[in-house]
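Heads up: the sequence shown begins at 8 in this note's numbering, then just goes up one per residue. For every residue, glycine included, the Cβ atom is placed at its ideal position computed from N, Cα and C. Remember, predicted model here, so these are calculated numbers, not experimental data. Report on the following structure.
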Amino acid sequence: MDAHRRCHRFDTVRHGGVTFRTYIFCTITQQEPTVQQPVPSRFRCAVASLAAAIALLSGCGGSDTDLANPGASWPPRSTVTAHRGASALRPEHTLASYRKAIEDGADIVEPDLVATKDGVLVARHENEISGTTNVATLPQFAARKAIKTIDGVPITGWFTEDFTLAELKTLRARERIPANRPANVAYNDQFEIPTLQEVIDLVREESRARSKVIGLYPETKHPSYFKSIGLPLEKRLVDVLAANGYRGKEAAVFIQSFETENLKELRSMTDIRLVQLIDSPSNAPYDFVAAGNGRTYASMITAAGLKEVAAYANVVSPYKEIIIPRTSANELAAPTGFVANAHAAGLLVHTWTLRPENPFLPTGLRAEPVASASQRGNAVAEIRAYLDAGIDGFFTDDPAVGRAAVDGWVKK
8 MDAHRRCHRF DTVRHGGVTF RTYIFCTITQ QEPTVQQPVP SRFRCAVASL AAAIALLSGC
68 GGSDTDLANP GASWPPRSTV TAHRGASALR PEHTLASYRK AIEDGADIVE PDLVATKDGV
128 LVARHENEIS GTTNVATLPQ FAARKAIKTI DGVPITGWFT EDFTLAELKT LRARERIPAN
188 RPANVAYNDQ FEIPTLQEVI DLVREESRAR SKVIGLYPET KHPSYFKSIG LPLEKRLVDV
248 LAANGYRGKE AAVFIQSFET ENLKELRSMT DIRLVQLIDS PSNAPYDFVA AGNGRTYASM
308 ITAAGLKEVA AYANVVSPYK EIIIPRTSAN ELAAPTGFVA NAHAAGLLVH TWTLRPENPF
368 LPTGLRAEPV ASASQRGNAV AEIRAYLDAG IDGFFTDDPA VGRAAVDGWV KK
């Protein structure tokens with residue numbers, strides 16, 4: 008439908024005893040009260056919301072299929088991905104964090120995914136949840152505390168796979184790094200752990216309301232471990248995405264993993280874009296470790312290694328210092344050839360993680376007092392250095408900062 012064409016219909020809406028006649032336009036909705044007195048101010052927001060909903064139902068806002076599978080026009084260049092939501096401003100992996108991220112201009116939100124005892128995918132950075140919930144304070148779950156070996160490392164705590172979804176829903180989220188984000192502590196114990204489906208529902212709701220495609224960037228966390236305990240993540244993820252209309256290479260989704268074999272398995276299940284995450288070169292994908300493969304991530308960041316990645320992935324997402332190393336004085340050095348080599352292999356490059364607080368920034372971009380763990384520095388300048396290096400997108404804990412960096416950026 009033409010963006011300026013009137014839809015030639017109206018609907019009568021009653022709210023609080025007042026009747027409004029709502030004229031539907033494709034991108035403009037005009038309301039006129041049929042009563043003669045001025046519209047009471049408390050009704051204005053309700054009328055605007057009702058009108059927007061009616062406009063979307065009339066076809067002006069795009070279908071769910073369009074929002075899930077926007078085609079070649081998506082994603083936008085210099086993509087801003089909300090790392091665990093707006094995790095600098097709200098406790099991570101909560102609907103409040105994702106909603107804030109979208110409000111602040113994120114193109115995509117990232118839910119890290121782990122499984123519950125009953126096989127439901129939920130958004131947590133780790134399956135051990137004592138650092139991000141109130142579980143340790145609840146006596147009814149004291150006996151669930153356990154020691155498990157996750158990716159070869161002994162971990163003590165409470166684990167999602169030992170809780171049903173109904174039990175997890177009784178927990179509340181807490182700030183993971185309060186020393187860096189003391190303001191987030193005010194939101195402790197307010198928000199539930201969301202399921203993947205709930206994140207999708209939020210993204211759909213916000214996409215409709217904004218007439219903008221908001222993408223999803225799920226990560227399969229510890230896939231070898233979850234497969235070893237009979238809760239493989241891959242099919243569960245693909246099935247939930249497919250049930251919500253996300254299918255194929257034009258879907259507004261990237262699926263990421265630090266491992267390789269589960270990405271190859273995912274490639275056999277779906278044409279959705281896949282992302283190979285790359286950690287510090289001295290580290291290794293856990294599936295390499297489990298198989299006795301002596302290689303590390305260093306083998307992936309060479310030109311030849313990137314060509315191997317391109318055989319099963321569409322995007323490579325390295326730790327940011329692989330693209331721009333730090334000097335001995337903790338300043339940004341000259342960019343490496345990584346981006347050029349990745350592009351030559353046919354891969355997009357999304358880097359992680361751009362954070363606003365001093366401890367995460369180069370020394371010269373920190374703000375006074377520089378010793379403060381919570382003081383925000385010049386994160387915009389750091390992001391623009393990576394944009395100048397040629398990246399196609401990035402993960403940030405503060406999408407408002409990321410949006411400002413992209414929108415005001417002039418390529419050198």
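Close beta carbons around residue i, own chain, < 8 angstroms, minus the five adjacent residues each side
| i | result |
| --- | --- |
| P77 | V220, E257, A259 |
| A333 | Rather than Ala, the amino acid found at residue 333 in this sequence is Arg. L339, A340, P369. |
| A186 | A380, S381 |
| T171 | T123, K124, D125 |
| K176 | E199, I200 |
| V387 | V408, A411, A412, G415 |
| S48 | Any reading at S48 needs caution, since the residue's pLDDT is 41, under 50, leaving its predicted position unreliable; the model's value is listed next. No residues qualify anywhere along the chain. |
| T156 | I162 |
Per-residue burial, residue i [other beta carbons within 10 Å of its own, 16 or more giving buried]
| i | result |
| --- | --- |
| I154 | exposed |
| E212 | exposed |
| G237 | exposed |
| T123 | buried |
| T403 | buried |
| N300 | exposed |
| G415 | exposed |
| E135 | buried |
| E272 | buried |
| P161 | exposed |
| G222 | buried |
| N321 | buried |
| S335 | exposed |
| D119 | buried |
| P98 | buried |
| T34 | Low per-residue confidence applies at T34: pLDDT is 39, beneath 50, and the placement is therefore not dependable enough to give any value. |
| T202 | buried |
| A103 | buried |
| S94 | buried |
| N337 | exposed |
| T144 | exposed |
| D246 | exposed |
| R391 | buried |
| T163 | exposed |
| S70 | exposed |
| E266 | buried |
| N400 | Sequence inspection shows Gly at residue 400; the Asn mentioned does not correspond to that position. G400 is buried by the Cβ-count criterion. |
| G92 | buried |
| P82 | buried |
| K327 | buried |
| V323 | buried |
7 angstroms CB neighbourhood of residue i in its chain, flanking five on each side removed
| i | result |
| --- | --- |
| P325 | I285, I308, F345, T358 |
| L64 | For L64, the predicted structure reports a pLDDT of 37, less than 50, and the residue's modelled location is therefore unreliable. A value from the coordinates is still provided. So the list is empty, once near-sequence residues are dropped. |
| R131 | H100, D119, V121, T139, T167, I200 |
| L270 | S264, L281, Q283, Y319, A320 |
| D278 | G255, K256 |
| P342 | I330, I331, A396 |
| R188 | A95, E182, S381 |
Counterpart residues of residue i in DSSP-defined beta bridges
| i | result |
| --- | --- |
| A153 | G164 |
| V356 | V323 |
| L313 | L313 pairs with nothing; no bridge assigned. |
| V260 | L223 |
| R333 | L339 |
| A180 | T140 |
| N202 | The sequence given here has Thr at residue 202, not Asn. Per DSSP, V129. |
Neighbourhood of residue i by C-beta distance below 6 angstroms, restricted to the same chain and skipping five residues each side
| i | result |
| --- | --- |
| R373 | N365, G384 |
| G397 | V346 |
| R179 | N141, D196 |
| A310 | N348 |
| S306 | G312 |
| Y253 | A75, V260 |
| T360 | H90, F402 |
| E226 | D119, Q263 |
| V192 | E182, P185 |
| R362 | D404 |
| Y224 | T88, I115, E117, F261 |
| A108 | A89, G92, A93, V116, P406 |
Nearest-angstrom beta carbon gap, residue j and residue i [assumed within contact, 8 angstroms]
| i | j | result |
| --- | --- | --- |
| L313 | L354 | 6 angstroms |
| P288 | I329 | 7 angstroms |
| P406 | A113 | 4 angstroms |
| R243 | L128 | 6 angstroms |
| M276 | E315 | At roughly 20 angstroms, the Cβ-Cβ gap does not stay under 8 angstroms, so M276 and E315 are not in contact. |
- prompt: Mind pulling the alpha helix (DSSP H) runs of 4 or more residues that sit fully within the region 75 to 141?
  reply: 102 to 110
- prompt: If you scan the region 269 to 309 from start to end, which runs of the alpha helix (DSSP H) of 4 or more residues do you find wholly inside it?
  reply: 293 to 297
- request: Run through the region 346 to 404 for me and flag every whole alpha helix (DSSP H) of 4 or more residues, listed as ranges in chain order.
  value: 386 to 395
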